[in-house]
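Asks:
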Amino acid sequence: MAHDENKAFLRRMPIFTGIGESQLEMLAAGSVRRSFPRGRSIVAEGETSQSFYLLLSGRAKVQRSDSEGKEVILAILGPGEFFGEMSLIDDAPRSASVITIEPCDFIAVNKESFKAMLASSTDMCLAIMRGIVRRLREADKKIETLALMDVYGRVARVLLDFSETVGGERVVKGKLPRQEIAKMIGASREMVSRVMKGLEVDGFIVPVSEGRLLLRDKINLYLN
Ligand code: CMP
Numbered sequence: 002m003a004h005d006e007n008k009a010f011l012r013r014m015p016i017f018t019g020i021g022e023s024q025l026e027m028l029a030a031g032s033v034r035r036s037f038p039r040g041r042s043i044v045a046e047g048e049t050s051q052s053f054y055l056l057l058s059g060r061a062k063v064q065r066s067d068s069e070g071k072e073v074i075l076a077i078l079g080p081g082e083f084f085g086e087m088s089l090i091d092d093a094p095r096s097a098s099v100i101t102i103e104p105c106d107f108i109a110v111n112k113e114s115f116k117a118m119l120a121s122s123t124d125m126c127l128a129i130m131r132g133i134v135r136r137l138r139e140a141d142k143k144i145e146t147l148a149l150m151d152v153y154g155r156v157a158r159v160l161l162d163f164s165e166t167v168g169g170e171r172v173v174k175g176k177l178p179r180q181e182i183a184k185m186i187g188a189s190r191e192m193v194s195r196v197m198k199g200l201e202v203d204g205f206i207v208p209v210s211e212g213r214l215l216l217r218d219k220i221n222l223y224l225n
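Structure (structure tokens):
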């Protein structure tokens, strides 16, 4: 029963579009469903790895920290994305921590099933490779932002990345704490607060309600 349910979830994952039943069957055989509340560490940087994860619902942050506890957020993952593949592929320790920022549902696939799946199917390998390539493109964009943009540009980039179109307008709907923005762009929380205030005073962003932010079109000027 759980096996069939897991297979149905796997079939709905965009990365597995076009993958055959027998491959999904193999993956489902080594899978369990897991639910975690907000703020839970799912994988920890530096640990050895046992599982590969697919995110069914909710969001999680990928984070690294230095010996003084300073943190940088590498990415925010959402439904349909996967993580935990790197250390299973190269047998090195976990490259980062993945921590839920909302209640999340996952499918966890054990190491043996993940490796067997890659060994048995070129289609599966390509599906995982496409995911890794997309992530590298995101990371390239981030390096460009950090190297070439000032803090206003970096904040504008994050706000646009987190926005969605609602009734023809760009809106940041979910809570996006300044501290978290700071960790994404390598700036202090105080600096992010100053920049956000500046953007508001100059009419680039408009707080419309609790945690909801309207982005004016001219905010794109910061990206050029
Ligand atoms: P792993 O190293 O096993 O554990 C941490 C996971 O975080 C890693 O596999 C990737 O799945 C994920 N990860 C690491 N770096 C990034 C990144 N830059 N963007 C998105 N996900 C990442």
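All letters in the sequence shown, in the order written, are residues 2 to 225 by the numbering used here. In this text, a Cβ means the ideal position worked out from N, Cα and C, and glycines have one as well. Here the structure is a predicted model, which is why all the values come from computation and not from measurement.
#1: Taking just the CA atoms, how far does A183 sit from R217?
#2: Identify every residue that forms a DSSP beta bridge with I77.
#3: Residues bridged to P208 by DSSP?
#4: Please look up how many angstroms separate the CB atoms of S96 and E46, rounded, as I've assumed it's under 8 Å.
#5: Using 8 Å as the threshold, is the region 103 to 115 in touch with the region 49 to 69, meaning 3 or more CB pairs across them?
#6: Using a threshold of 7 Å, is the CB atom of E72 nearer than that to any non-hydrogen atom of the ligand CMP?
#7: So, using beta-carbon positions, are L215 and V172 closer together than 8 Å?
#8: Spatial neighbours of S122 within its chain, please: CB distance less than 7 Å, with the 5 preceding and 5 following residues excluded, ordered by chain position.
#9: Report yes if the C-beta distance between G79 and L55 is below 8 Å; otherwise report no.
#10: Got a sec, what are the start and stop residues for the alpha helix (DSSP H) N7 sits in?
#11: Is the separation between the beta-carbon of N7 and that of I108 shorter than 8 Å?
#12: By how many angstroms is the C-alpha of E170 removed from the C-alpha of M192?
#13: Could you tell me the alpha carbon to alpha carbon distance between L89 and R213, rounded to whole angstroms?
#14: Return yes when at least one heavy atom of the ligand CMP lies under 7 Å from the C-beta of S50, else no.
#15: Can you give me the C-alpha to C-alpha distance between Q180 and F205, rounded to a whole angstrom?
#16: Please report the straight-line C-alpha distance between E69 and M118, rounded to a whole angstrom.
#17: Can you look up L177 in the DSSP assignment and give me helix, strand or coil?
#18: Determine the extent of the beta strand (DSSP E) in which T166 is found, giving its start and end residues.
#19: How far does the beta strand (DSSP E) with S50 in it reach, from first residue to last?
Replies: Concretely, from the data shown:
#1: Stepping through the sequence shown from its first residue, residue 217 is reached at position 216. Stepping through the sequence shown from its first residue, residue 183 is reached at position 182. Distance between the alpha carbons of R217 and A183 is about 21 Å.
#2: Position 76 of the sequence shown, counted from the start, is the residue given in the question as residue 77. For I77, DSSP records a beta bridge to K62.
#3: Taking the first residue of the sequence shown as position 1, residue 208 is located at position 207. P208 is bridged to L214.
#4: Position 95 of the sequence shown, counted from the start, is the residue given in the question as residue 96. Position 45 of the sequence shown, counted from the start, is the residue given in the question as residue 46. Correct: roughly 7 Å between the Cβ atoms.
#5: By the Cβ criterion, the region 103 to 115 is in contact with the region 49 to 69, since at least three pairs of Cβ atoms, one from each stretch, lie closer than 8 Å.
#6: In the sequence shown, the residue the question calls residue 72 occupies position 71. Not so, every heavy atom of the ligand CMP lies at least 7 Å from the Cβ.
#7: Here the question's residue 215 lines up with position 214 in the sequence shown. Here the question's residue 172 lines up with position 171 in the sequence shown. Yes, Cβ-Cβ distance for L215 and V172 is below 8 Å.
#8: Counting from one through the sequence shown, the residue named residue 122 turns up at place 121. In the same chain as S122, and ignoring 5 residues on each side of it, the C-beta atoms closer than 7 Å to its own belong to Q24, in chain order.
#9: Position 78 of the sequence shown, counting from 1, holds the residue named residue 79. Position 54 of the sequence shown, counting from 1, holds the residue named residue 55. The Cβ-Cβ distance between G79 and L55 does not fall below 8 Å.
#10: Along the sequence shown, one-based indexing puts residue 7 at 6. Here the alpha helix (DSSP H) through N7 covers 3 to 13.
#11: The residue labelled residue 7 in the question sits at position 6 within the sequence shown. The residue labelled residue 108 in the question sits at position 107 within the sequence shown. Cβ atoms of N7 and I108: closer than 8 Å.
#12: The sequence position of residue 192 within the sequence shown is 191, counting from 1. The sequence position of residue 170 within the sequence shown is 169, counting from 1. Each residue's CA atom was taken as its position, placing M192 and E170 some 27 Å apart.
#13: As a working mapping, residue 89 is identified with position 88 in the sequence shown. As a working mapping, residue 213 is identified with position 212 in the sequence shown. When rounded, the distance between both Cα atoms is 39 Å.
#14: Residue 50 sits at position 49 when you count from the first residue of the sequence shown. At a cut-off of 7 Å, the beta-carbon of S50 counts as near the ligand CMP: some heavy atom of the ligand is closer than that.
#15: Here residue 180 corresponds to residue number 179 of the sequence shown, with the count starting at 1. Here residue 205 corresponds to residue number 204 of the sequence shown, with the count starting at 1. Rounded to whole angstroms, Q180 to F205 spans 20 Å at the Cα level.
#16: What you label residue 69 is simply residue 68 of the sequence shown in a count that begins at 1. What you label residue 118 is simply residue 117 of the sequence shown in a count that begins at 1. Cα to Cα, E69 sits roughly 39 Å from M118.
#17: Residue mapping note: residue 177 aligns to position 176 of the sequence shown, counting from 1. DSSP places L177 in coil when its eight states are reduced to three.
#18: Numbered from 1 along the sequence shown, position 165 holds the residue referred to as residue 166. Per DSSP, T166 belongs to the beta strand (DSSP E) from 165 to 167.
#19: Here residue 50 corresponds to residue number 49 of the sequence shown, with the count starting at 1. Element bounds for S50: n/a, residue is neither H nor E.
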